[in-house]
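Peer 1: Encoded as structure tokens, here's the structure I'll be asking about.
Residue numbers (the numbering used here): 121 to 175.
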């Protein structure tokens, strides 16, 4: 386990103190999903514009 030396220095259980984990992966995955949807809509718009002259 990692410790924060500045906070745990001098404590008897310094080896068992773990830093807080503030990272949540859900917002990252949500951002990737929104980005993928935006790319799909952008590609669809481009395909529609390209096919308008064909019909």
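C-beta atoms are modelled at their ideal positions from N, C-alpha and C, and glycine is treated no differently. Computed from a predicted model, the values in this text were never measured in an experiment.
To the nearest angstrom, report how far apart residue 156 and residue 148 are at their CA atoms.
Peer 2: Taking the straight line joining both Cα atoms gives about 12 Å.
Peer 1: Would you kindly work out how many angstroms separate the C-alpha atoms of residue 171 and residue 153, rounded to a whole number?
Peer 2: So the alpha carbons of these two residues sit roughly 27 Å apart.
Peer 1: Which residue comes first and which comes last in the alpha helix (DSSP H) that contains residue 179?
Peer 2: This structure cannot speak to residue 179, because the chain is shown only from 121 to 175.
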